Amino acid sequence: MYNNFKLNKLSLSVISILFGTVGLANAQDQKASDDVEVIEITGFKGSLLKSLNNKRTADSVTDSIFAEDIGKSADQDIGEALQRVTGVSIQRGEGAGATEGTTVSIRGAGPNLNNISLNGIVLTSNTENQAVDLSAFSSDILSSIEVMKTSAADQDEGSLGANVELKTFRPLNSDKNRRVLEVQGRYDDYIEDYDYKLSGSFSEKFMDDTLGFYVTGFKETQSTRRDMFFTDEFVKYTVPEAINLQTGQPMGEEVTGLMNSQNGFKMFSNNLERTGLTSTIQWAISDNTELVLTGTYSDQYREQDDDSIVSIGDQNPYIEADIPRITDATNPWIVFDPASQMIVKKLDRMARGRTTSTESGITTKNTVFNLEFSHYFTDTFKMDLRTGYSKTTADDDYFTNFNSNNFLNSPNEVLEALPSDQVQATGYDCTSGVCYSVTGTDFVDFGPDIDGVPQTGHPDEPNEDNLVKTAYNPDDLRAIHLQQANTRDRMMYDKQKSVYLDFDWDVDLGPITKFEFGGKYQTRDKDVFNQGYFWNNAMLANTDIPTSTQLIESIRLIDVYGGETGYGDSFLKDLGYARTNTTDGWATIDAQAALAKLFETDEVVGEIDLSNDRQISLENKALYFKTNFALLDEQLTGNVGIRYVESSVESLGYSSVNFQNRNLTSYDLILLSQDTSLTACTEAQRWIDPNATLPNGNPDQRNPNVNLAGQPSADGKTMEPIASQTCYDDQYNGTAANRYRYLDNTTPTDPEQFGSTASNTEKNWLPSLTLNYSLNDESVIRFAASKTMARPPIDNLKPSAKFNEAVFGTGNSNGRIDNPYLKPLESTNYDLSYEWYFNDGGALTLALFRKDMSNITENATIGAHWRDVRGLSGDELSQLDPFNDILISKPADGLIRRDDSWAAGTNCMINRRHIWQTNDLQVQGDCDLLNMTVVRNGAGGKNTGLELGYNQNYDFLPGLWSGLGTAFNYTYSDSLMDSEVGPLGVVLPALPMENVSKHVYNLSTFWEKDGNLIRLAYTHRTDSLANRSFKDGALWNEGGGQLDISATYKLNDTFTLTFNAVNLNNKENRQYYTNMRDDAFAIEGNALEGEANKSRTIRNWVSGSIYRIGIRANF
């Protein structure tokens, strides 16, 4: 085994004395020593022993994980292994909108705030920021993982929590050449599918063990499924009466509560195929010089199907005929829970539904090269030169998203006219403890035959003669049609080049033992081309009025039926759901068939949105100087240093304002039409030809026979009434065609877009101090103080703002403002630890830590109104500050009326209505509510905690019992973000840091003997904050635990059987909402301290267990 180290004069003197003494007895002991058997501790115990020795000899607070052998670890996933380390928690992409990968948080620092490097080269990322997706790398390539929790001047900057170093195998550091093969079969009990892994490793030493070569390769597949309940948000809703959930009696008064907006079920299925190769050439050129070249490549292809069924809550007032059914004794439509202030059941005649199908195939490639050159100029002066190249690409092979609706065949007018006792109500019901989507079972009767031909629900057929008893039946495939079609073409490119130069100079200057100095230069380019196409008929972009047969709504679900979702007998069963006509499966959309139908006409065009494109370039420079010292006969050692960092960013981004299409009505024209002092409208005023028959007799179409009541003003920015069409209209809200008369023709259908550039440079000084005091041969006390920094999430640095108007359903308009001038996040850190190594395999460690963080990047989502900018061009919009010139502050207890805003000169955007929606004036006239995410530097926060570790091999026990062992650790964290006044005066409360649980523990108990192993590992964490600013409140993660098991059985010296099971207890995951700002409800505090109601579920999911069994051969 090759080792290269140099000795100073003091060490040489000590060794000379020792060898002189030993030499006198050497001849006498030689024979005895030949008879002594050398016992090497291997396997899982050996990996734990290496971790303890590494922690013991380190000059900082460090934890590490060592592979038992090449590609062999008790945990076969990097994330699974890291979560066993104190202070480390993993996040898997299972919440809404998250990647499917695995990222880590450490001591309160999120995934974007920790450096993860491979052989000293910081990894690039397939996420839109710098959080590294560990699922893109196989554990087969690693020999060890080191988590350095305290900082020194020579460590690479960019991490607030810890530096995580992944290290690959080096052939000259091994005592023998290696040949390893492994074949593994895998099974996921949720997706009920089989997968595999093939891997092989080879190492060889040449030229008298001065040249080594190593290569490992793997190919693996993994299929998974995840079942989820979700609601996108809670909205405030007032009802005239409700049943009290706790008493079962009517409330006896008007009730205001939080209702589910759009809620339903999701089934995710993922199929992953990954191949990779790592190779190392290690050359000991001489006793003074070494060269190491390592290359790593991985190619991952992930296919995902995301199918959902959604209940779209209706916020319109109940019609008079339905009021008695609200408190119906047998099946009340509304149930209110006073404890949570939730409307836990809401049914009505107008709550529609939809199914959504999203399919994607994404290729992710990672390439990492690093060249390390080390040279001793003298015995005391060493240089290390390290250069690195890291590149990640993530490309869409395909991405489609389709959703459906049924408003053509189940028109509002027919539903509104239905007698109340015939209505099959729809909505949601959470009274049983889990939330069901309630749908109807009746099928639409499309009316009598036309000329002897039965009607089938085709959009060309009339719908005023349809017989409809329910707003939504997901099994009525002829009545359901497509509503939206989206595709995406995304290419993400992240490239980084680095050069590190380090010098070590051993000296003998009193207490000073070594000087270390050096620097680095690094560039990083992150380009994202992300085009989302919203496919519409070309005529929508013009002033012509298309009929329904020319729209995407003409494609019925029966025409693009992709089959039922699978697993109907088990879907959501582990969350307590019974079988209904939604949990037993629903119809999916065949994306390829839908696209083929969509493009049957050449008039289909895509609306391009540039706001998702960005180019960001980073340039980072650093210099450092560090002094090592030893005092009290080397009982006290340590180092003190300073690091200077300069970070520059140049960014290009795009901003856009996206409005709904032109089938929206003008509030001003409708308001004028209800002036009873005007003459009543005549048929000649309503219709171009009063005697004409509507196309196919369908009153619910966009109809070219309609006389418009208004026209655009000369500047095209507002609607002006047409004098000849100004009249009192008592039928304006009767049908979509009647509402079409009051069309707003001023709104552009294509988004206004413009590009922006920005640049910024930030400088940081980072001092550090480390002290290590050896109490005796078994115990050591460590103290560290440092200042660290992390750069803002890369994607937040683009100069971009986006505003999206939303009309349908209960979802609000939304937007986002990024910030290219974000400051680096900083943390002042203090650590104090005690470590007691009471035998070779045993240790008890205790660490106290505190982090005072500032400039924390925060995505604050606030409710606001926004200025009406429909008449502004892209050039005019580019001159506005999106925050100060467009956003309008909203009162905490309600909304501003449009007329009041215009009278005050703020000119808000009105909450507009579509022709397919009721345009009753009771539900109109407010300023549009915008859920705006503003990226900013928060005030800061603190995280104080304790880490306790205990490891022991019980080899003192007799016989088989001597194979027992335990590894336990516990982390306590008391974190708090500072309270502050955020955007638009919104008060952001003092809450814990995101993804930091107050209590986390890991327990591994194992038995290992003669190459055989069985290990049980349990990880548990309590609740944590997911998002401090989620609508008018906060989003929280519910805690829970996961049980894993691993085992090996040694068949002989060559072959070993392996077994691994992950998530044996089928851990349930849940996120819940607490109210922080809406004065209409109880203002709640820290959920971790019992200051909030935890019952308001936003999403809840399970994903099943994964089993792996394999055979491993060592030659």
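Taking the working numbering, the leading residue of the sequence shown gets 7, the next gets one more, and so forth. Ideal Cβ placement from N, Cα and C applies to all residues, glycine included. Quick caveat: nothing in here was measured; it's all calculated off a predicted structure.
Classify residue i as buried or exposed, calling it buried when 16 or more other Cβ atoms lie within 10 Å of its own Cβ.
i	result
G911	exposed
A870	buried
D354	buried
E640	exposed
N32	Residue placement at N32 cannot be trusted, given a pLDDT of 43 that sits under 50; what the coordinates show is reported in the next sentence. That one is exposed.
K526	buried
Q717	exposed
L88	buried
D35	Confidence at D35 is low in this model, with a pLDDT of 44, below 50, so its placement is unreliable and the value that follows should be read with caution. D35 comes out exposed.
E1130	A question about residue 1130 goes unanswered here, because the residues of the chain that appear run from 7 up to 1121.
P998	buried
D466	exposed
E1138	What the structure shows of the chain is the stretch from 7 to 1121, and residue 1138 is not part of that stretch, so it cannot be assessed.
N949	buried
I291	exposed
F1061	exposed
Classify residue i as helix, strand or coil using the three-state DSSP reduction.
i	result
N294	coil
L749	strand
G453	coil
Y827	coil
K1100	coil
P465	coil
V929	helix
E1146	The requested residue 1146 does not occur in the structure, where the chain is confined to residues 7 to 1121.
E326	helix
S180	coil
N802	helix
Q598	helix
G703	Only weak support exists for where G703 lies, its pLDDT of 44 falling under 50; the coordinates are left without a value.
Y1113	strand
Q731	helix
S346	coil
A544	Its pLDDT being 41, under 50, A544 is placed unreliably in this model, and the value from its coordinates should be taken loosely. Helix.
V28	Caution applies to V28, whose pLDDT of 37 falls short of 50 and renders its modelled position unreliable; the model cannot decide the point.
R1118	strand
W339	coil
D565	helix
T63	helix
K51	helix
Y673	helix
Roughly how far, in whole angstroms, is the beta-carbon of residue i from the beta-carbon of residue j, given that I think they are within contact range, below 8 Å?
i	j	result
P117	A142	Their Cβ separation, rounded to whole angstroms, is 13 Å, which puts P117 and A142 out of contact at 8 Å.
T571	M273	5 Å
N1122	N937	With the chain represented from 7 up to 1121, any question about residue 1122 goes unanswered, as that position is not in the structure.
S1010	A1023	4 Å
W541	L604	6 Å
Y220	N294	So it is not a contact: roughly 23 Å between Cβ atoms.
N536	R496	4 Å
Y827	F760	Y827 to F760, Cβ: 19 Å. No contact.
Where in the region 1059-1087 do unbroken runs of the beta strand (DSSP E), each at least 3 residues long, occur, reported from the N-terminal end onward?
-> Segments of the beta strand (DSSP E) lying fully in the region 1059-1087: 1061-1068, 1075-1081.
Kindly confirm or deny that the region 901-920 and the region 966-977 touch, where touching means at least three C-beta pairs closer than 8 Å.
-> The answer is no - the region 966-977 does not touch the region 901-920, with fewer than three Cβ pairs under 8 Å.
At least 3 beta-carbon pairs within less than 8 Å: the region 1062-1082 vs the region 1046-1053 | At 8 Å Cβ cutoff, the stretches touch.
Is the number of C-beta pairs between the region 756-765 and the region 651-658 that are closer than 8 Å three or more?
-> Contact between the region 756-765 and the region 651-658 is present, because at least three Cβ pairs lie under 8 Å.
Tell me the start and end of each unbroken alpha helix (DSSP H) in the region 366-441 that is at least 4 residues and wholly inside, in chain order.
-> Unbroken alpha helix (DSSP H) stretches of 4 residues or longer found wholly inside the region 366-441: 418-423, given in chain order.
Taking one C-beta from the region 642-652 and one from the region 678-695 each time, how about it: are there three or more such pairs within less than 8 Å?
-> They do not touch, by the three-pair rule.
Cβ contact check for the region 365-382 and the region 289-309: 3 or more pairs under 8 Å = The region 365-382 makes contact with the region 289-309: 3 or more CB pairs, one atom from each, lie closer than 8 Å.
At least 3 beta-carbon pairs within less than 8 Å: the region 429-445 vs the region 317-324 = Output reads yes: the region 317-324 touches the region 429-445.
Decide yes or no for the touch test of the region 119-135 against the region 788-806: beta carbon pairs closer than 8 Å, at least 3 of them.
-> Touching, yes.
Curious, which full-length alpha helix (DSSP H) runs of at least 4 residues does the region 881-964 contain?
-> Listed in chain order, the alpha helix (DSSP H) elements of length 4 or more contained wholly in the region 881-964 are 904-910.
Please list the segments of the beta strand (DSSP E) lying wholly inside the region 820-875, counting only runs of 3 or more residues, in order along the chain.
-> Within the region 820-875, the complete beta strand (DSSP E) runs of at least 3 residues are 831-845, 848-860, 863-872.
Count the CB pairs spanning the region 58-68 and the region 1020-1038 that are closer than 8 Å, and state whether there are at least three.
-> Not touching, per the Cβ criterion.
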